Amino acid sequence: MTDTAIAQPAARGAAGAPARAQGAAAPVVRGSHPVAEQPAMSPGAIVLLFIGLMVAMFMFSLNQTVLATALPTIVGELNGVDQMLWVSTAFMLASTIMMPIYGKIGDLFGRKPLFIFAILMFLVGSTFGVMAHSMGVLILGRVFQGIGGGGMMILSQSIIAAVVPARERGKYMGIMGATFAVSSVAGPLIGGWITEGPGWRWNFALNYPLGALALIAALIFLKVPKHHDGPRPKVDIAGMLIIAQFTTAMVLATAWGGHQYDWDDPIILMLIGVAVIAAVTFVFVELHAPNPMVPMTLFKDRNFVLCTVAGLFLGVAMFGVLSYMPTYLQMVHGIEATLAGFMMVPMMGVMLIVSTAVGFIVSKTGRYKWYPVIGIAIVGVSLVMLSRLKADSSPAEAMIGLGVMGLGLGLSMQILVLIVQNSFPVSMVGTATASNNFFRQIGATLGMSIIGSLFTNRLMNNLQEGMQGLGANAQKAAGGSSSSLTPSLVNQLPTPVHDVIVGAYNDALVPIFLWVAPLTLAAVIILLFVKEKELATRLEPNAGTEREVLGDDAEAPDEDRAQEPRAHEEARAEELRAHEARAHEVTAQQPQARLGHGPAGSVALTPPVPARAGVQAQPAASQEGPAHAGTDDPQQPPAPAQRPRRGPKH
1 MTDTAIAQPA
11 ARGAAGAPAR
21 AQGAAAPVVR
31 GSHPVAEQPA
41 MSPGAIVLLF
51 IGLMVAMFMF
61 SLNQTVLATA
71 LPTIVGELNG
81 VDQMLWVSTA
91 FMLASTIMMP
101 IYGKIGDLFG
111 RKPLFIFAIL
121 MFLVGSTFGV
131 MAHSMGVLIL
141 GRVFQGIGGG
151 GMMILSQSII
161 AAVVPARERG
171 KYMGIMGATF
181 AVSSVAGPLI
191 GGWITEGPGW
201 RWNFALNYPL
211 GALALIAALI
221 FLKVPKHHDG
231 PRPKVDIAGM
241 LIIAQFTTAM
251 VLATAWGGHQ
261 YDWDDPIILM
271 LIGVAVIAAV
281 TFVFVELHAP
291 NPMVPMTLFK
301 DRNFVLCTVA
311 GLFLGVAMFG
321 VLSYMPTYLQ
331 MVHGIEATLA
341 GFMMVPMMGV
351 MLIVSTAVGF
361 IVSKTGRYKW
371 YPVIGIAIVG
381 VSLVMLSRLK
391 ADSSPAEAMI
401 GLGVMGLGLG
411 LSMQILVLIV
421 QNSFPVSMVG
431 TATASNNFFR
441 QIGATLGMSI
451 IGSLFTNRLM
461 NNLQEGMQGL
471 GANAQKAAGG
481 SSSSLTPSLV
491 NQLPTPVHDV
501 IVGAYNDALV
511 PIFLWVAPLT
521 LAAVIILLFV
531 KEKELATRLE
541 PNAGTEREVL
551 GDDAEAPDED
561 RAQEPRAHEE
571 ARAEELRAHE
581 ARAHEVTAQQ
591 PQARLGHGPA
601 GSVALTPPVP
611 ARAGVQAQPA
621 ASQEGPAHAG
631 TDDPQQPPAP
641 AQRPRRGPKH
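Residues 1 to 650 (the UniProt record's numbering) are what the sequence shown spells out, left to right.
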C-alpha cells in the first residue's frame, strides 16, 4: 500500500506549461481564444506523414545538386560562363531569405497551406528552367525554385518536430540526413545522364512528377488541426523586408566583389554599408515587434547560438566545395558528366549510412554532444586533403577526400538541428529551426558566392595569362572565348591548349579549399561549449504562441529553467521537510479525500508548482481520485514538485 500525495502537481514542460494526463488533449490558449491541441498521432500516421515530407525534401535537395554536372554544358550553351555562379547563388539566396519567413508564418497560422504553396512555387521555377534560352531566364527560374525550396526544407523539419518527441526525433532527423545524401548522390548521376541523353532542360522537367507526388502526399497524409481560431496575429512585414534587404546586399557584395567590381569600388562599399545598416535595423525592429520573425530571445539560449554559428561556418565549407567539385572533375580530369556524378557517390554514400546510424544511436542513448564536434573536425581534414589535388592527380584521390567529408557531414549536420529543436517548445520550434537554418544557409550562400567569385576571377585571370602565352592561334583553337568552354570542347583541344585550360581550372579552385579549412576549426572549438540537455521523451503541450510561452521567463533561457531544480535541490528539500513537520496540522484542515495515510500514519505532501504569469495552472489527473494543483491552506508556501513517498509494504 502506498501513500497518496496531497496534491499531484503538474510537471512543468519545456514551455513552462502544466502537463496533463497522458493521451489528453490540452486546450491551447492563443490570446483569449482556446484552440484544441493536436492529438497524438499514431505511428502509422506519422510514417505516412513522414513519407510526404521526405518526397518534398528529396525534391529540394535533388535540385541543389542535379545541375552540378549539367552546369558546364548549360553555361557553355547559353554563353554564360561568367554568370555561372548565379545559377546556384540565386537559388540559395531566395531560399535563405524565405526560410525564416516560412518558419514564423507557419508557427502563427499553420504549416500545411504554406507547404503546398512552397511546392507550387518550386514547380513554377522549374517551368522557367525548362523554357530558358538565356542565362537571365534560367537564373529567374532558380529564384522561384529557391522561394519554394526554402519552405519545403524548413516546414518538413518543423512539422516532424511538432509530432515527434525529441528523444525519438533523432531517428527521423537521421533519415532526413540520409534523404539529403541519397538525393545528393542521385542529383549528379541523374543530371549527368539527362544532360548526355535527352538534354539538360529535362533536369527541370523531372520536378513535375516529383512535385505531383509531394502535393498528393501533402493533401492526403498531412493532417494538422486548424492552427488559429482567434484574431489573426500581426505579421512582422518590416522584419521580412529588412532581412531580405540584408541578405540580398550581402550576397551581391560577396558575389561581385573582386569579380565584376573591385572591392573598393563604390558599388561594393555601398552594398556592404546597406547590409550593415539592415542588420542593425533588423535587431531594433525585432526587439519591438509584437510577433518578431526572429525573436531575439532565441539568442539567450547558449546551445542555439553555438549551433547556429557552427552551422554557418559548416555551410561555407560544405557548399563551397559541393557547388564546384563536379565542374572541377569534368574540366580538369576530362570526366563525362555521368562519371563525375558517380565520383560523388562515396561522399554521399558514407553520409547516408553514418547519418542514419547516428540518428538511431542518439534516440537509443540520448547522448549527442560529441557527434558534431568530431564530424566537423573530420570535414576540416577532408578540406586539407582536397587542397592537395593537382591537375595530374588520380581521380581516386578526389573520391577519397569527398568520402572523408561525407563521414564528417553525416556525424554533424542533422544533430545540430536536433540540438536547436530540443532547446525550445513545439510552439517555437518552427521559428527556432528556421532561424538556425537561415544562418546555415547564409553560410552556404556566402560559401558559394565567395568561393565562386574567387574561383571565377582566378580562372579568368589564369586563362587570360595562359592563352596570351600561347598566342592567337591557341585562342582561335579554344573558340576565341573562355566563356564558351565546355568539357567536350576542352577534351578535343590540342595538348598545349588543353594543358593550359586544365591547369587554370585546377589552380583556380583547389587552393581555396585550404583557405576555408580554418572555419571548421573555429566551429569545433565553438561546439565544445554546447551543453548536453536531456532529450524529451514525450511531446509537451503546445502552450500557445511563443509570446505566451516565454511570458515572464523571457529573460531566462530554457537552459537556465532546466537547471533550476538541480541548482536549488538542497534548499527545496529542506523546505519540504519543514512542510512535512506540519503534516498533521494540514491533515486536520484538508478533506480526507485529498490525503493518503500509510500504516505508520505518514503523510506525503507535494506542494504545487506556482503558475507563471500568463499561464493558467491546471490540475493534473489522479489515478485514485480528484487531485488539486495546490492546497487550500493560505499559510502553506509553494514548493517544487516531489514524487509521492511510499510507505512500508504489507
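Beta carbons are placed, not taken as given, at the ideal position from N, Cα and C, and that holds for glycine.
Computed from a predicted structure; not experimentally measured.
With C-beta atoms as the reference, is PHE282 less than 8 Å away from GLY239? In the sequence shown, counting from the first residue as 1, residue 282 sits at position 282. In the sequence shown, counting from the first residue as 1, residue 239 sits at position 239. Yes. Within cutoff.
Excluding sequence positions up to five away, which residues of its chain have a Cβ less than 6 Å from the Cβ of PHE221? As a working note, residue 221 is residue 221 in the sequence shown. LEU48, LEU49 and GLY52.
For ILE105 versus VAL294, is the C-beta spacing smaller than 8 Å? Within the sequence shown, numbered from 1, the residue matching residue 105 stands at position 105. Within the sequence shown, numbered from 1, the residue matching residue 294 stands at position 294. Contact: no.
Comparing alpha-carbon positions, which option in GLN157, ALA340, MET176 and THR89 lies nearest VAL429? By one-based count along the sequence shown, residue 429 stands at place 429. Closest by alpha carbon: GLN157.
Can you give me the Cβ contacts of GLY187 inside the same chain, cut-off strictly under 6 Å, excluding the 5 residues immediately before and after it? By 1-based counting over the sequence shown, the position of residue 187 is 187. Cβ neighbours of GLY187 beyond the five flanking positions: LEU62, THR65 and VAL66.
Give the DSSP bridge partners of GLY257, in chain order. Locating residue 257 in the sequence shown gives position 257, where the first residue counts as 1. Its beta-bridge partners are TYR261.
Pair within 8 Å by beta-carbon distance, ASN457 and ASP507: Within the sequence shown, numbered from 1, the residue matching residue 457 stands at position 457. Within the sequence shown, numbered from 1, the residue matching residue 507 stands at position 507. Cβ distance not < 8 Å, so ASN457 and ASP507 don't count as in contact.
Give me, in chain order, the residues of the same chain whose beta-carbon lies closer than 6 Å to that of PHE204; leave out the 5 immediate sequence neighbours on both sides. Here the question's residue 204 lines up with position 204 in the sequence shown. Here the set comprises SER126, GLY129 and VAL130.
Which residues mark the beginning and the end of the alpha helix (DSSP H) in which ILE501 is found? Position 501 of the sequence shown, counting from 1, holds the residue named residue 501. Where ILE501 is concerned, the enclosing alpha helix (DSSP H) stretches over 495-527.
Could you tell me the distance, in whole angstroms, from the CA atom of PRO607 to the CA atom of PHE122? On the sequence shown, position 607 is the one that residue 607 refers to. On the sequence shown, position 122 is the one that residue 122 refers to. Low local confidence applies: a pLDDT of 40 at PRO607 is under 50, so the model's placement there is unreliable, with the coordinate-based value given in what follows. If I take the Cα positions, the gap works out to 55 Å.
Residue span of the alpha helix (DSSP H) that contains LEU411, given as start and end: As a working mapping, residue 411 is identified with position 411 in the sequence shown. Start and end: 395-421.
My output table needs one value for ASP560: the three-state DSSP class, helix, strand or coil. Along the sequence shown, one-based indexing puts residue 560 at 560. Low confidence applies to ASP560: its pLDDT is 43, below 50, so where it sits in the model is not reliable, and the reading given next is rough at best. Of the three classes helix, strand and coil, the one that applies to ASP560 here is helix, per DSSP.
Any idea what DSSP makes of HIS568, helix, strand or coil? Numbered from its first residue, the sequence shown carries residue 568 at position 568. Because the pLDDT of HIS568 is 42, which lies under 50, any placement of that residue in the model is unreliable, and the number read from its coordinates should be weighed accordingly. Coil, per DSSP.
Measure the beta-carbon distance from SER323 to SER95 and round it to whole angstroms, keeping in mind my assumption that it falls under 8 Å. Taking the sequence shown and counting its residues from 1, the one referred to as residue 323 is at position 323. Taking the sequence shown and counting its residues from 1, the one referred to as residue 95 is at position 95. Wrong, their Cβ atoms sit about 14 Å apart, outside the cutoff.
Please state whether DSSP places ALA249 in a helix, a strand or coil. By 1-based counting over the sequence shown, the position of residue 249 is 249. ALA249 falls in the helix class under three-state DSSP.
MET318 vs LEU409 beta-carbon contact at 8 Å: In the sequence shown, counting from the first residue as 1, residue 318 sits at position 318. In the sequence shown, counting from the first residue as 1, residue 409 sits at position 409. Yes; because the gap between Cβ atoms is below 8 Å, this pair is in contact.
List the whole-angstrom C-beta distance separating TYR102 from ALA118, where the pair is believed to meet the contact cut-off of C-beta under 8 Å. Looking up residue 102 in the sequence shown gives position 102. Looking up residue 118 in the sequence shown gives position 118. Yes, TYR102 and ALA118 are in contact; Cβ-Cβ is about 7 Å, under 8 Å.
Backbone CA spacing between GLY341 and GLN330 [nearest angstrom]: The residue you call residue 341 lines up with position 341 of the sequence shown. The residue you call residue 330 lines up with position 330 of the sequence shown. Looking at the two C-alpha atoms, the distance is approximately 10 Å.
With 16 other CB atoms within 10 Å as the buried threshold, where does ALA212 fall? Position 212 of the sequence shown, counting from 1, holds the residue named residue 212. The residue in question, ALA212, is exposed, as its Cβ has fewer than 16 Cβ neighbours within 10 Å.
Provide the residue span of the alpha helix (DSSP H) that contains HIS333, from first to last. In the sequence shown, residue 333 corresponds to position 333, counting from 1. From DSSP, the alpha helix (DSSP H) with HIS333 extends over 325-333.
What separation, rounded to the nearest whole angstrom, lies between the Cα atoms of ILE272 and THR248? Your numbering for residue 272 matches position 272 in the sequence shown. Your numbering for residue 248 matches position 248 in the sequence shown. So the alpha carbons of these two residues sit roughly 10 Å apart.
Considering only residues of the same chain and omitting the five flanking positions on each side of VAL373, which have a CB-CB separation below 7 Å? On the sequence shown, position 373 is the one that residue 373 refers to. The answer, listed in chain order, is VAL524, LEU527 and LEU528.
Can the beta-carbon of THR520 be found closer than 8 Å to that of ILE419? Residue numbering aside, residue 520 sits at position 520 when the sequence shown is read from its first letter. Residue numbering aside, residue 419 sits at position 419 when the sequence shown is read from its first letter. Not closer than 8 Å, so no.
Please state if the CB of GLY199 and the CB of ALA337 are separated by a distance shorter than 8 Å. Translated into the one-based positions of the sequence shown, residue 337 becomes position 337. Translated into the one-based positions of the sequence shown, residue 199 becomes position 199. No, the pair does not count as a contact, with Cβ atoms beyond the cut-off.
Counting C-beta neighbours from all protein chains within 10 Å, is the total for GLY151 16 or more, i.e. buried, or is it exposed? Taking the sequence shown and counting its residues from 1, the one referred to as residue 151 is at position 151. So GLY151 ends up on the buried side.
Can you grab the Cα-Cα spacing for the pair GLU465 / ILE190, in whole Å? Here residue 465 is taken as the residue at index 465 of the sequence shown, counted from 1. Here residue 190 is taken as the residue at index 190 of the sequence shown, counted from 1. If you take the alpha carbons of GLU465 and ILE190, they lie about 36 Å apart.
Could you give the distance in angstroms between the alpha-carbon of GLN414 and the alpha-carbon of GLY366? Against the sequence shown, residue 414 aligns to sequence position 414. Against the sequence shown, residue 366 aligns to sequence position 366. Each residue's Cα considered, the two are about 15 Å apart.
Spatial neighbours of GLY80 within its chain, please: CB distance less than 6 Å, with the 5 preceding and 5 following residues excluded, ordered by chain position. Within the sequence shown, residue 80 is the residue found at index 80, counting from 1. The residues are MET135.
Of the residues ILE242, ALA275 and LEU352, which one's Cα is nearest the Cα of LEU252? Here the question's residue 252 lines up with position 252 in the sequence shown. The candidate whose alpha carbon is nearest that of LEU252 is ALA275.
CA-to-CA distance, PHE438 to GLU569, given in whole angstroms: Position 569 of the sequence shown, counted from the first residue, corresponds to residue 569. Position 438 of the sequence shown, counted from the first residue, corresponds to residue 438. Unreliable positioning characterises GLU569 in this predicted model, as indicated by a pLDDT of 49, which lies under 50. The coordinate reading is nonetheless provided below. Cα to Cα, the separation comes out at about 39 Å.
Three-way DSSP call (helix, strand, coil) for HIS133 in this model: Residue numbering aside, residue 133 sits at position 133 when the sequence shown is read from its first letter. Three-state DSSP puts HIS133 in coil, outside helix and strand.
Pick out whichever of LEU386, ILE159 and MET399 has its Cα sitting closest to the Cα of ALA218. As a working note, residue 218 is residue 218 in the sequence shown. Ranking the options by Cα distance to ALA218, first place goes to ILE159.
The stretch 67-86 in contact with the stretch 135-144 per 3-pair CB rule at 8 Å: yes
Going by C-alpha distance, which of LEU120, GLU532, VAL379 and GLN492 is nearest ASN207? For the purposes of this step, residue 207 is identified with residue 207 of the sequence shown, where counting begins at 1. Answer by Cα proximity: LEU120.
Where THR69 falls: helix, strand or coil (DSSP): Counting from one through the sequence shown, the residue named residue 69 turns up at place 69. Coil at THR69, not helix or strand.
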